[in-house]
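**Student:** Residue numbers (the numbering used here): 178 to 432. Using N, Cα and C, we set each Cβ at its ideal position, and we do this for glycine too. Structure incoming, see below.
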Amino acid sequence: MTRMSVAAGMVFAAAVGIVSPAQANARREQADVYAAGSQRLLYREEHLVQPGASPERWVVYRCPDGKPFARKRVAAGGARPDFALEDARDGYREGVRGAGDARQVYVGLAGKETSRRVPVPADGVIDAGFDAAVRTHWAQLMRGESVQLRFLVPSRKQFFPVQLRRMGSAEWNGIRAERLRMKLDTWFGFAVPEVTLVYARDGRRLLEFNGTGNLRDGRGRNPQVRIAFQPQAQLASASDLAGVARLPLDGRCSF
Numbered sequence: 178m179t180r181m182s183v184a185a186g187m188v189f190a191a192a193v194g195i196v197s198p199a200q201a202n203a204r205r206e207q208a209d210v211y212a213a214g215s216q217r218l219l220y221r222e223e224h225l226v227q228p229g230a231s232p233e234r235w236v237v238y239r240c241p242d243g244k245p246f247a248r249k250r251v252a253a254g255g256a257r258p259d260f261a262l263e264d265a266r267d268g269y270r271e272g273v274r275g276a277g278d279a280r281q282v283y284v285g286l287a288g289k290e291t292s293r294r295v296p297v298p299a300d301g302v303i304d305a306g307f308d309a310a311v312r313t314h315w316a317q318l319m320r321g322e323s324v325q326l327r328f329l330v331p332s333r334k335q336f337f338p339v340q341l342r343r344m345g346s347a348e349w350n351g352i353r354a355e356r357l358r359m360k361l362d363t364w365f366g367f368a369v370p371e372v373t374l375v376y377a378r379d380g381r382r383l384l385e386f387n388g389t390g391n392l393r394d395g396r397g398r399n400p401q402v403r404i405a406f407q408p409q410a411q412l413a414s415a416s417d418l419a420g421v422a423r424l425p426l427d428g429r430c431s432f
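So this is what it looks like as C-alpha cells:
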C-alpha cells in the first residue's frame, strides 16, 4: 500500500513558462535527503523559487554524484497550487492541474497515468502549498492551538484531514527555530507516520523535514526521509530558472 506522501517541496511542470528578467532575484535553496534515522545520503534537492507572496517553485532532484534525475514545478497558487513531478528513472509522473473548485489529479507512468477530478475543500492544501498554510496559521500555531487542514495525497486522489501543532522551540544549527508536527486527524484503517518539521523563527523558512518522501524508491514505495536544508539561501538568475525545464534528467541513482 502506498504511504501518504507529504512533498518535501513544501518549502515548495505541467507547462514551461517564460522567465522574464524581472525574475532575476529568485533564490536557490539546497537540501540533503537522508534515509530516516541515519546519515545515508539518498539524493539532494535544489529549489529555485521566484520572488513574491505566492511564488512559483522548481525543484531539481539530484543523485549524490550531482546528476539530476527528477524535477517538479509548483505553480503560484497559495495553499492549493498546480504542480507536476516527473521522475526520469522510471517515467513516473504525478501532479494537479486545472482551476476552480475541482482539479484534475493524475499519477502513473508516462503515457499510462490515471486521473480523477477531485473537489478542493476550503481548507485544502496541495504539495508545497503546505508552506503557505504554515505561514497563514503561524500566529495560531505559536499560541499552541492546533490547525486542521486537508492535505492532498495524489496516489490516493483524495484529501485527508490532518492536524498541525507546535511541539516547541528548538535550536537548529545555531538558528532559533520552532518544531511542528503533522498527523492524520482521523483513523482511516491504515497507518501513516507522523511528519515533523523545523521552521526558522525569523523568516519562517523550512529548515528540516522528517516524514514520508515524495519520491519512490527502487521498490516503488515512498521511503521515510530526513531533509536538511542549508541554513542560507543563495541568489538565482533568470537563466538558472529558464534552464531547469531543459535540464537533461540523466541521473540513474537508486535508493
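#1: What is the DSSP secondary structure of ARG333, counted as helix, strand or coil?
#2: Since PHE133 sits in a beta bridge, which residues does DSSP pair it with?
#3: To the nearest angstrom, how far is it from the Cα of LEU262 to the Cα of GLU385?
#4: Report the partner residues of TRP235 according to the DSSP bridge assignment.
#5: I need the boundaries of the beta strand (DSSP E) containing PHE432, first residue and last residue.
#6: When you compare the stretch 310-324 with the stretch 389-399, are there three or more beta-carbon pairs, one atom per stretch, that lie closer than 8 Å?
#7: Could you spell out the range, first to last residue, of the alpha helix (DSSP H) harbouring LEU424?
#8: Which of the three DSSP states, helix, strand or coil, is assigned to PRO198?
#9: Where do the ends of the alpha helix (DSSP H) carrying GLY388 lie?
#10: Under 8 Å by Cβ, that's how I've got ASP300 and LEU383 pegged, so tell me the actual separation to the nearest angstrom.
#11: Applying the criterion that 16 or more other CB atoms from any shown protein chain within 10 Å of the CB defines a buried residue, is ASN387 buried or exposed?
#12: Let me check one thing: in DSSP terms, what residues is GLU355 bridge-paired to?
#13: For TRP315, which residues in the same chain have their Cβ closer than 7 Å to its Cβ, ignoring the five residues on either side in sequence?
#14: Thinking just about the alpha-carbon of each residue, which of PRO331, ARG312, GLN335, LEU361 is nearest to the one in GLU355?
#15: Would you mind sorting LYS289 into buried or exposed? The rule is 16 or more other CB atoms within 10 Å of its CB.
#16: Is it buried or exposed, PRO198, if we count other Cβ atoms within 10 angstroms and call 16 or more buried?
#17: Can you give me the Cβ contacts of PRO400 inside the same chain, cut-off strictly under 6 Å, excluding the 5 residues immediately before and after it?
**Tutor:** Well, looking at it:
#1: DSSP places ARG333 in the helix class (H, G or I) of the three-state scheme.
#2: What the structure shows of the chain is the stretch from 178 to 432, and residue 133 is not part of that stretch, so it cannot be assessed.
#3: Rounded to the nearest angstrom, the two C-alpha atoms are 21 Å apart.
#4: DSSP output for TRP235 lists LEU225, ARG250 as bridge partner(s).
#5: For PHE432, there is no enclosing beta strand (DSSP E), since its DSSP letter is neither H nor E.
#6: Touching, no.
#7: It is not in any alpha helix (DSSP H) - LEU424 carries neither H nor E in the DSSP assignment.
#8: Confidence at PRO198 is low in this model, with a pLDDT of 37, below 50, so its placement is unreliable and no value can be given for it.
#9: Annotation for GLY388: no alpha helix (DSSP H) segment contains it, though the beta strand (DSSP E) segment containing it runs 383-389.
#10: Between LEU383 and ASP300 the Cβ distance is about 20 Å, and since that is not below 8 Å, they are no contact.
#11: Burial call: buried.
#12: Beta-bridge partners assigned by DSSP to GLU355: SER346, TYR376.
#13: Excluding five sequence positions before and after TRP315, the CB atoms of its chain that fall closer than 7 Å to its own CB belong to ARG381, given in chain order.
#14: Comparing Cα positions, the closest option is ARG312.
#15: Exposed.
#16: Any reading at PRO198 must be qualified, since the residue scores a pLDDT of 37, below 50, and its modelled position is unreliable; no value is offered.
#17: Annotation for PRO400: GLY390, ASP394 place their beta carbon closer than 6 Å to its own, counting only its chain and skipping 5 residues before and after.
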